[in-house]
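K.L.:
Following this message is one structure expressed as structure tokens.
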Amino acid sequence: MDLKGKTILVTGGTGSFGKKFVEQILRNEIKKVIVFSRDELKQYEMAQTFTDNRIRYFLGDVRDKDRLYRAFEDVDIVVHAAALKQVPACEYNPFEAIKTNILGAQNVIEAALDRGVKRVIALSTDKAASPVNLYGATKLASDKLFVAANSYAGNKDIRFSVVRYGNVVGSRGSVVPLFKKLKNTGKLPITDERMTRFWITLDQGVQFVLDNLQRMQGGEIFIPKIPSMKVVDLAEAICPECEIEFIGIRPGEKLHEVMITEDDARQTLEFDDYYVIQPEFVWWNKEKMVGGKPLPEGFRYSSDTNTDWLTIDQLRRLIEE
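Here you go:
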């Protein structure tokens, strides 16, 4: 979809992704970008940085369907980034996570269907694949809702798809700011020395969303090919002189993250730099997926068996950037 002259709305627009997304989207000849979020202080602070007159700030919560209906008026594209993301907070406040991540997702879908939005792309997480924590379970449910939403489109020119990727370097919820904060103490806490994670930069994450706005047919879950890293290597990159303290795995935490399970792999196609999990609905046209190749039986895209790894020096450069 050509972005020229389009009005784009991003939910959770004052978060790490939202701010980077707005920064990049303003390089296009768009008509307007709407930052939808519930925190007026963050909107005020963001407005001090971004002075482009194509930006609009809209206070609201995805839990409030009426407010979404108002916000989505004359909007062409919605990028849904709003979510409760902190694993421990979701474990101890489960229904709050459900209200935002699941009910909020359905509210976005219904508002988009009724207000004439053309494209909706939702951000997901590696924790949604074979989830062991509530955050992952809510995002899996959200993914299912967005894929199934294409069943209700009818003759409307609207498509829903999902982007799923791993930990984002330097985002507010990542371990990097924590390690930097604790650097002066001389001690960094790590849950387990075996732990691995997928790793992506904010710029890469935003670009992947923009790329898939162009290629989406509706119903796909797009997954980028990204490197893995060892958490102990990350600690070494940030503070080589620090002592490592192993504190044990926290509630809802995995040793390794998965983005494509063995069962999902049967419906997945591989492209040069990304994968696509295809929907299992009668309306899906596999002929549209030109150039992709099926995955071998038993394939599993996991952070511990990934073929692409970041070294300590590469991690250090990413953090510095």
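Going by the numbering used here, the final residue of the sequence shown carries number 310, and the count climbs one at a time with no gaps.
All C-beta atoms, glycine included, are put in the ideal place defined by N, C-alpha and C.
#1: Let's see if you can read the secondary structure: which residues bound the beta strand (DSSP E) around Gly230?
#2: What are the start and end residues of the beta strand (DSSP E) that includes Phe25?
#3: Residues in its own chain within less than 8 Å of Glu269 by CB, not counting five upstream and five downstream?
#4: How is Pro178 classed by DSSP in three states: helix, strand or coil?
#5: Starting from Ser150, follow its DSSP beta bridges and name the residues at the other end.
#6: Nearest to Lys31 by alpha carbon, out of Asp(-9), Leu48 and Lys20?
#7: Asp302 to Asp115, Cα distance in whole Å?
#8: Taking Cβ positions, are Ser131 and Ile210 nearer each other than 9 Å?
#9: Are the beta-carbon atoms belonging to Val76 and Pro240 less than 9 Å from one another?
#10: Could you tell me the alpha carbon to alpha carbon distance between Asp297 and Ile189, rounded to whole angstroms?
#11: Between which residues of its own chain and Tyr46 is the CB-CB distance below 6 Å, once the five residues before and five after are set aside?
#12: Can you name, in chain order, every residue of its own chain whose Cβ lies under 8 Å from the Cβ of Phe168, other than the five neighbours on each side?
#13: Following the continuous beta strand (DSSP E) through Arg265, name the residue where it begins and the one where it ends.
#14: Excluding the 5 residues preceding and the 5 following Asp262 in the sequence, name in chain order all residues of the same chain whose CB lies nearer than 6 Å to its CB.
#15: Just the C-alpha distance for Ala36 and Gly1, rounded to the nearest angstrom, thanks.
#16: Let me check understanding here. Comparing Cα to Cα, which of Glu99, Ile110, Asp55 and Lys88 lies closest to Asp66?
#17: The alpha helix (DSSP H) that contains Phe270, what's its start and end?
#18: To the nearest angstrom, how far is the alpha carbon of Met205 from that of Val97?
#19: For the region 25 to 100, which segments carrying the alpha helix (DSSP H) assignment without a break, of at least 4 residues, lie completely within its bounds, in sequence order?
P.N.:
Inspection of the coordinates gives the following:
#1: A small correction: the amino acid at residue 230 is Glu; Gly does not occupy that position in the sequence shown. Neither: Glu230 is in no beta strand (DSSP E) and is coded neither H nor E.
#2: Lys21 to Ser26
#3: Result list for Glu269: Gln256, in chain order.
#4: Three-state result, Pro178: strand.
#5: For Ser150, which the question treats as bridged, DSSP gives the partners Ile110.
#6: Leu48
#7: 25 Å
#8: no
#9: Yes. Within cutoff.
#10: 12 Å
#11: Val24 and Gln32
#12: Leu177, Leu223, Ala224, Ile227 and Cys228
#13: It should be pointed out that residue 265 corresponds to Val in this sequence rather than to Arg. Its beta strand (DSSP E) spans residues Tyr263 to Ile266.
#14: Lys214
#15: 15 Å
#16: Asp is not the amino acid found at residue 66; the sequence shown has Ile there. Minimum Cα distance to Ile66 is reached at Ile110.
#17: Premise fails: Phe270 is in no alpha helix (DSSP H) and is neither H nor E.
#18: Met205 and Val97: Cα-Cα distance of roughly 18 Å.
#19: 29 to 38, 54 to 60, 76 to 81 and 83 to 87
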